[in-house]
Each structure stands twice: as structure tokens, then as C-alpha cells.
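The numbers in the numbering used here rise by one with no breaks, and the one at position 101 of the sequence shown is 101. Data block below; observations after.
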Amino acid sequence: MAMRVATFASSQSLLQAAMRIQVKQAEATEQQASGQVSGDYGGLGSKAGSVVSLQASITRSKAYEEAGNTASSRVETMYNAVGSILDDLSSLKATLASSTISSDTLQATAQSTLESVVSLMNTQLDGRYLFAGSAIDTEPVDIDSIEGSTATSQDELDYYQGNDQQTSVRVSSSRSISYGVTANDDSFRQALWAISTIANGSTDSTSVTNAIDLLASSISSMANVQTKLSLASSDLKSAVSSQEDYQTNTADVISNLSEVDITTVAANMSNYEAQLEAAYAAIGKIANLSLASYLS
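So this is what it looks like as C-alpha cells:
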């Protein structure tokens, strides 16, 4: 039956209302499937700017976290290297204190210790020399400058090839943490001087006694270096933890802004379905109206 002019306007109005409800129903279906208010920022309305800003801040936070973790790995490697150096120094000190070991054995032991300690001071991580300051591509200790050296004091021992710039890492927009130690540190220089004295052939009792005293002092100072590295490690781990907490909390805020309440969506969908059924039922009734039924 053709639509009568008298009923056309009412039918069109109901049809447009039904189409609007269908659009809302489709949006609700997508929200139910994705759990998101909208598939793009445009659907978030006034919340879009806040969500974009918060997501960008999480990206920055992850960069700070990664930098902190990288620095933490370096500090841990340095701490372990210093620990191994301390073991070498303590072992050599005990050997020097023994009165039953020959001069040749003392010299050979010192040479072996020198090679081990220098190797540890030249420790690398991911292609980066850790004890060279900011000169990360430069091997900090040149063993050739120590072996056979004619230096008369530890200050004259010319072995260090790095620089004295302490490394640091930015762990937030407002904070940087300095960390590390160079192979030019007094405790390292003192140890190398004590070892090289014996390795280069000075094995008389006076030289041995002096070397033992120097090693004892170096061991004490190097233990303090290890403590500083431990404190730096603690600071870095705390900074990383703060960034992780920030990311979790910010993600929750983004979730509250962009995610939907599934229960509410389900209730809306049920409501939209009821509205559509009522609209189409009304359209059907209007389409079947005749002038006679209207007048009766």
C-alpha cells in the first residue's frame, strides 16, 4: 500500500529516530566488543586531549625507566668488577706477607695479579668501557705503560687513557643520578702502583713491606668505592620503581577516561533494542492507516 501524504511526515520522523537509535546501537556494540569508549580520539570528545597527553607522558616515563635500568646494569657490573679486584688484591697481599715464597714467585704472582686487575678495570658492557669516565670507546688502562715503568711514585704512573667526567643518567624530567668510578681513582692508582712495584722486580723486604701497606690502604679505599656504587644502584632502582608506579597509575587514569562500563553498555543496548522495536511497530501502524480508519 502506498504511503498517504497525511502519514508521510509522521512516518519519516519515526524512521529518522529509528536510524539514530541504530547508530547508537552500533556504537554500543563496538564499545562492548572493544571495551573502549571509541575507536579513535574523536569519539572521546573533551577527554581526548587528556588521554593523548597522558599517553605521551607514559612514553617518556618508559624512556626514563629504560635509561635507569641500563645505568643500573652498568653499576652492577662495575660493583662486581671492583669486588673481583678486591679479591685479587687481598690474595696478593697474603702472598706478599708469606716469608717462604721466593722473589721470582712473588714477581710472577704480582705480574699475574696486574694482568687480572687491569683486565677488570678495562671491563666493557655492551661495547662500552665502564671505568673510562665519558670516554666510553677508550680502554681506560694501558698495561704497557705500567709494565717496566720507571715511575718513582704512583702519581707518575701514566696509565690512564679515559677522562675524569663522571657519568650520569636522567631518570625523570627533574632529576639526574651520577654514578660510576674511573680507573684513575686514587684507590685504583694506589693498587696498580703497589702491584707494579713487585711485578717490575722490586722484591726486597722494604719494597714488599711498602707494597703490603699500599695494598691494605687501597683495599680499604676501594671498599668505600664499592659502597658508593651500591648506593648509586639503590638510587637507580628506586627511580626505576617510581617510573613503573607512575606508568601503572597513569594507565589507570587513561582507562577511566577511555574505557566503558560493560554493564552500562549492556543496559543501553537493551534499551536501544526496545526503542527500535517500538519505533518500527509505530511505523508499521502508520503505514496501514486509511482515511476510513482515521475517521472512525
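Built from N, CA and C at the ideal position, the CB exists for glycine as well.
Would you list the one or two residues that DSSP bridges to TYR179? Here the question's residue 179 lines up with position 179 in the sequence shown. Paired residue(s): THR167.
Check SER172 in the structure and name its three-state DSSP category. For the purposes of this step, residue 172 is taken as residue 172 along the sequence shown, with counting starting at 1. Strand, per DSSP.
Are the beta-carbon atoms belonging to LEU114 and SER196 less than 8 Å from one another? As a first step, residue 114 must be located in the sequence shown, where it is residue number 114. As a first step, residue 196 must be located in the sequence shown, where it is residue number 196. It is a contact, given that the beta carbons lie within the stated cut-off.
Compute the distance between the beta-carbons of SER149 and GLN190, then report whether it is under 8 Å. Residue 149 sits at position 149 when you count from the first residue of the sequence shown. Residue 190 sits at position 190 when you count from the first residue of the sequence shown. No; because the gap between Cβ atoms is not below 8 Å, this pair is not in contact.
Check TYR159 in the structure and name its three-state DSSP category. In the sequence shown, residue 159 corresponds to position 159, counting from 1. Residue state, collapsed to three classes: coil.
In chain order, what residues of the same chain have a beta carbon less than 7 Å from the beta carbon of ALA2, not counting five sequence neighbours either side? By 1-based counting over the sequence shown, the position of residue 2 is 2. In this prediction, ALA2 scores a pLDDT of 46, lower than 50, which makes its location untrustworthy; no coordinate-derived value is stated.
Close Cβ partners of THR109 (< 7 Å) along its chain, the five nearest in sequence each way excluded: Position 109 of the sequence shown, counted from the start, is the residue given in the question as residue 109. Within the same chain, THR109 has close Cβ partners LEU92 and THR95.
Looking at GLY133 and ASP155, is the spacing between their C-beta atoms short of 8 Å? Position 155 of the sequence shown, counted from the start, is the residue given in the question as residue 155. Position 133 of the sequence shown, counted from the start, is the residue given in the question as residue 133. In this structure, GLY133 does not lie closer than 8 Å to ASP155 by Cβ.
If you pair each beta-carbon of the stretch 221-231 with each one of the stretch 47-62, do three or more pairs fall below 8 Å? no
Do LEU236 and ALA71 have their beta-carbon atoms positioned less than 8 Å apart in this structure? As a working mapping, residue 71 is identified with position 71 in the sequence shown. As a working mapping, residue 236 is identified with position 236 in the sequence shown. Going by C-beta atoms, ALA71 is nearer than 8 Å to LEU236.
Is the distance from the Cβ of SER103 to the Cβ of THR206 below 8 Å? Taking the sequence shown and counting its residues from 1, the one referred to as residue 103 is at position 103. Taking the sequence shown and counting its residues from 1, the one referred to as residue 206 is at position 206. Not in contact: SER103 and THR206 (Cβ atoms no closer than 8 Å).
What number of angstroms, rounded off, separates the C-alpha of PHE188 from the C-alpha of GLY180? As a first step, residue 188 is located in the sequence shown; it is residue number 188 there, counting from the start. As a first step, residue 180 is located in the sequence shown; it is residue number 180 there, counting from the start. Rounded to whole angstroms, PHE188 to GLY180 spans 13 Å at the Cα level.
In whole angstroms, give me the CA-to-CA distance for ILE254 and GLN55. Residue numbering aside, residue 254 sits at position 254 when the sequence shown is read from its first letter. Residue numbering aside, residue 55 sits at position 55 when the sequence shown is read from its first letter. Each residue's Cα considered, the two are about 8 Å apart.
Euclidean distance between Cα positions of THR250 and ARG74: Counting from one through the sequence shown, the residue named residue 250 turns up at place 250. Counting from one through the sequence shown, the residue named residue 74 turns up at place 74. When rounded, the distance between both Cα atoms is 29 Å.
With a threshold of 7 Å on Cβ separation, who are the neighbours of THR105 within its own chain once the five nearest residues in sequence on each side are excluded? Mapped onto the sequence shown, residue 105 falls at position 105. Nothing meets the Cβ criterion.
Option in THR182, LEU257 and GLN247 with minimal Cα separation from GLU139: Numbered from its first residue, the sequence shown carries residue 139 at position 139. Nearest C-alpha to GLU139: THR182.
ILE101 to ASP137 span [Cα, whole Å]: The residue labelled residue 101 in the question sits at position 101 within the sequence shown. The residue labelled residue 137 in the question sits at position 137 within the sequence shown. When rounded, the distance between both Cα atoms is 40 Å.
Report the residue ranges of all beta strand (DSSP E) runs contained in full by the stretch 119-151; include only those spanning at least 3 residues, in chain order. none
Pick out whichever of ALA216, LEU229, ARG20 and SER61 has its Cα sitting closest to the Cα of ASP245. Mapped onto the sequence shown, residue 245 falls at position 245. Ranking ALA216, LEU229, ARG20 and SER61 by Cα distance to ASP245 puts SER61 first.
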